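In my numbering, the protein residues as written are 218 to 463.
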């Protein structure tokens with residue numbers, strides 16, 4: 218018997234190449250509204266957007282504020298006159314159409330789907346963008362469930378996000394579920410708070426910072442598959458270990 222029966226997977230920068238999609242969608246959207254576009258605009262947008270998503274994850278702002286404010290703030294910084302709601306709507310549609318997977322992600326999901334586990338994507342992303350990319354990349358062939366915070370009414374890392382997923386999937390024993398993702402402050406901290414094991418997908422071998430404590434760290438899809446294929450039960454290592462150390 219595999220050590221886990223349910224695998225929750227983050228979307229952006231775990232499976233989807235969000236940076237590529239963001240750049241392309243933002244350029245197309247801003248240019249269509251006659252707004253400034255260059256590398257500095259992209260960097261500033263990324264900072265604004267990241268700060269707003271962090272505030273959203275902490276429960277400090279809601280979806281509506283996030284959606285409009287990121288473009289309102291960008292226009293305050295770089296000029297331009299457009300309805301931020303309309304800009305955001307166009308951006309969400311464009312983001313859903315720019316569907317790119319990270320190298321190896323499709324093979325990873327195909328292999329994962331053959332392990333006989335319950336698979337789901339669990340993401341904080343925008344519904345229009347995430348559902349568009351989910352279908353266009355074909356991941357719906359391998360991963361049958363998609364949970365999006367803005368549809369659940371709770372975001373990672375809040376326990377309610379995981380509570381609602383567990384209820385939907387019928388998960389009673391959380392020791393048999395694992396959250397896999399690249400975000401320490403969302404995926405890993407959320408899994409910690411929800412009482413689940415976690416696998417930090419960390420291909421860049423970044424240092425561990427903040428309060429999140431991954432059960433395991435994996436630098437590649439192969440290492441994740443190796444972990445998920447091993448029999449259960451095994452004691453969780455402390456401190457967190459790389460798969461290569463096991």
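Just so you know, even glycine gets a beta-carbon here, dropped at the ideal spot from N, CA and C.
Computed from a predicted model, the values in this text were never measured in an experiment.
According to the Cβ coordinates, are residue i and residue j closer than 9 Å?
| i | j | result |
| --- | --- | --- |
| residue 334 | residue 223 | yes |
| residue 291 | residue 343 | no |
| residue 398 | residue 388 | no |
| residue 446 | residue 219 | yes |
| residue 400 | residue 227 | yes |
Do you know how far the Cα of residue j is from the Cα of residue i?
| i | j | result |
| --- | --- | --- |
| residue 455 | residue 248 | Legend: pLDDT at residue 455 = 46, less than 50; position of this residue unreliable, value from coordinates given subsequently. One C-alpha to the other measures close to 50 Å. |
| residue 308 | residue 448 | 44 Å |
| residue 347 | residue 242 | 13 Å |
| residue 380 | residue 236 | 29 Å |
| residue 302 | residue 293 | 15 Å |
| residue 402 | residue 287 | 21 Å |
| residue 289 | residue 430 | 36 Å |
| residue 424 | residue 442 | 22 Å |
| residue 359 | residue 245 | 30 Å |
| residue 390 | residue 285 | 39 Å |
| residue 261 | residue 416 | 31 Å |
| residue 305 | residue 265 | 14 Å |
| residue 256 | residue 272 | 25 Å |
| residue 269 | residue 281 | 11 Å |
| residue 361 | residue 267 | 28 Å |
| residue 221 | residue 444 | 9 Å |
| residue 263 | residue 254 | 13 Å |
| residue 300 | residue 366 | 25 Å |
Could you pull out every residue in the same chain whose Cβ sits closer than 6 Å to the Cβ of residue i, ignoring the five residues on either side in sequence?
| i | result |
| --- | --- |
| residue 407 | 373 and 374 |
| residue 394 | 223, 388 and 413 |
| residue 258 | 295 |
| residue 225 | 337, 339 and 396 |
| residue 411 | 376 and 379 |
So, at 8 Å on beta carbons, what are the nonlocal neighbours of residue i in its own chain, with the 5 sequence-adjacent residues on each side left out?
| i | result |
| --- | --- |
| residue 233 | 316, 317, 318, 319, 322, 350 and 354 |
| residue 240 | 259 |
| residue 357 | 351 and 363 |
| residue 382 | 225, 337, 339, 364, 369 and 388 |
| residue 385 | 362 and 364 |
Can you find a heavy atom of the ligand GTP that lies under 8 Å from the Cβ of residue i?
| i | result |
| --- | --- |
| residue 362 | For the ligand GTP, the structure offers nothing, since it holds no ligand at all. |
Ordered along the chain, which non-local residues of its own chain (more than five positions away) have a Cβ less than 7 Å from that of residue i?
| i | result |
| --- | --- |
| residue 437 | 420 |
| residue 345 | 309, 310 and 313 |
| residue 453 | With a pLDDT of 45 at residue 453, under the threshold of 50, the modelled position of this residue cannot be trusted, and the question is left open. |
| residue 327 | 359 |
| residue 422 | 436 |
So which of the options has the shortest CA-CA distance to residue i?
| i | options | result |
| --- | --- | --- |
| residue 409 | 433, 386, 423 and 424 | 433 |
| residue 298 | 250, 364, 440 and 418 | 250 |
| residue 275 | 238, 229, 286 and 377 | 377 |
| residue 418 | 238, 328, 305 and 229 | 229 |
| residue 440 | 270, 305, 329 and 304 | 329 |
| residue 368 | 444, 435, 279 and 400 | 279 |
| residue 325 | 272, 269, 231 and 427 | 231 |
| residue 283 | 327, 238 and 341 | 341 |
| residue 371 | 263, 277 and 238 | 277 |
In chain order, which continuous runs of the alpha helix (DSSP H) of length 4 or greater are located wholly inside the stretch 346-397? 366-369 and 376-386
Mind listing, in chain order, the continuous alpha helix (DSSP H) runs of no fewer than 4 residues lying wholly within the stretch 402-456? DSSP runs (the alpha helix (DSSP H)) wholly in the stretch 402-456: 406-411 and 438-446.
Of all the beta strand (DSSP E) runs that stay within the bounds of the stretch 266-333, which reach a length of 3 or more residues? none
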